[in-house]
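S.K.:
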Amino acid sequence: MRLFRHLVSWALALFLIAMFVQATIHPLPNPPAGSVKFFDPPGENIIFQTIAERSGLTLFEPAGRVMTGLLELVAALFLLLPMTRRFGAILSTIVLGGAVAFHLSPWLGREVPISLDPASTATDGGSLFMLAILMLVASLLVLVVHPGARGRT
């Protein structure tokens, strides 16, 4: 049973790490414009610029974007190390809880626009919201399945 918990813990942690790294630094070539937290020019990240415009608070872009990216990378680092995985899962849960909350607020909404062009009405169909929920569930599962200290189950 302990081996199974280790394997599930690693699988969930690697999934979360991959998603956080993809969203912050996007190691793949030709990332979609407006979707990478650290390398988008100020005002061009679709999610945080939408929040800033709809809320009227300029704090979200670029300061909120960079702070969120840093928290995601710190959570990914803690998730990578088994001895700090629970703390990484807690930090990940906080970040993703905030993401889900923003998706449920009128500032972002469940369907995110795919362009900052005001004439465009195309959205992602809720896929980013569903990914945030999936990652939140994975973070909570890490807290449950990650084995405790040796001698405990």
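The sequence shown runs 1 to 153 under the UniProt record's numbering. Virtual Cβ for every residue (Gly too), placed ideally from N, Cα, C. Note that the structure is predicted; figures quoted are calculated from it, not measured.
Which first and last residues belong to the alpha helix (DSSP H) in which H103 is found?
M.R.: If you number the sequence shown from 1, residue 103 lands on position 103. H103 -> alpha helix (DSSP H) spans 85–104.
S.K.: Rounded to the nearest angstrom, how far is the Cβ of G64 from that of F78, given a contact under 8 angstroms?
M.R.: On the sequence shown, residue 64 is found 64 positions in, with the first residue counted as 1. On the sequence shown, residue 78 is found 78 positions in, with the first residue counted as 1. So it is not a contact: roughly 21 angstroms between Cβ atoms.
S.K.: Nearest-angstrom Cα distance between R110 and L71?
M.R.: For this step, residue 110 is matched to residue 110 along the sequence shown. For this step, residue 71 is matched to residue 71 along the sequence shown. Their Cα atoms are separated by approximately 22 angstroms.
S.K.: Does the distance between the C-beta of T93 and the nearest non-hydrogen atom of the ligand GTP fall short of 8 angstroms?
M.R.: Looking for the ligand GTP in the displayed structure turns up nothing, as the structure carries no ligands at all.
S.K.: DSSP three-state label for P82, please.
M.R.: What you label residue 82 is simply residue 82 of the sequence shown in a count that begins at 1. Correct three-state label for P82: helix.
S.K.: Grouping DSSP H, G and I as helix and E and B as strand, with all else coil, what is T24?
M.R.: Residue numbering aside, residue 24 sits at position 24 when the sequence shown is read from its first letter. The answer is helix: DSSP assigns T24 an H, G or I state.
S.K.: Please determine if the stretch 86–101 and the stretch 22–42 are in contact, where contact requires at least 3 C-beta pairs separated by less than 8 angstroms.
M.R.: no
S.K.: Could you tell me the alpha carbon to alpha carbon distance between E44 and L116, rounded to whole angstroms?
M.R.: On the sequence shown, residue 44 is found 44 positions in, with the first residue counted as 1. On the sequence shown, residue 116 is found 116 positions in, with the first residue counted as 1. In a straight line, the C-alpha of E44 is about 8 angstroms away from that of L116.
S.K.: Give, in chain order, every unbroken run of the alpha helix (DSSP H) that is at least 4 residues long and sits entirely within the stretch 35–87.
M.R.: 46–55, 63–80
S.K.: Can you give me the Cβ contacts of A23 inside the same chain, cut-off strictly under 8 angstroms, excluding the 5 residues immediately before and after it?
M.R.: For the purposes of this step, residue 23 is identified with residue 23 of the sequence shown, where counting begins at 1. Closer than 8 angstroms at Cβ, skipping near neighbours: S35, V36, K37, G69, E72.
S.K.: Tell me the rounded alpha-carbon separation between S127 and G88.
M.R.: Residue numbering aside, residue 127 sits at position 127 when the sequence shown is read from its first letter. Residue numbering aside, residue 88 sits at position 88 when the sequence shown is read from its first letter. Using only the alpha carbons, I get a separation of about 24 angstroms.
S.K.: So, under 8 angstroms CB-CB, L16 and A138 are touching, yes? Tell me the CB distance rounded to an integer number of Å.
M.R.: Here residue 16 is taken as the residue at index 16 of the sequence shown, counted from 1. Here residue 138 is taken as the residue at index 138 of the sequence shown, counted from 1. About 6 angstroms separates the Cβ atoms of L16 and A138, confirming a contact at the 8 angstroms cut-off.
S.K.: Where do the N-terminal and C-terminal ends of the alpha helix (DSSP H) with M1 fall, by residue?
M.R.: Residue 1 sits at position 1 when you count from the first residue of the sequence shown. Counting along the chain, M1 sits inside no alpha helix (DSSP H), nor does DSSP assign it H or E at all.
S.K.: Count the other CB atoms within 10 Å of the CB of S105; is the residue buried (16 or more) or exposed (fewer)?
M.R.: Within the sequence shown, residue 105 is the residue found at index 105, counting from 1. It counts as exposed.
S.K.: Would you kindly check if the distance between the Cβ of I51 and the Cβ of W107 is under 9 angstroms?
M.R.: As a working mapping, residue 107 is identified with position 107 in the sequence shown. As a working mapping, residue 51 is identified with position 51 in the sequence shown. Taking C-beta atoms as the reference points, W107 and I51 count as a pair closer than 9 angstroms.
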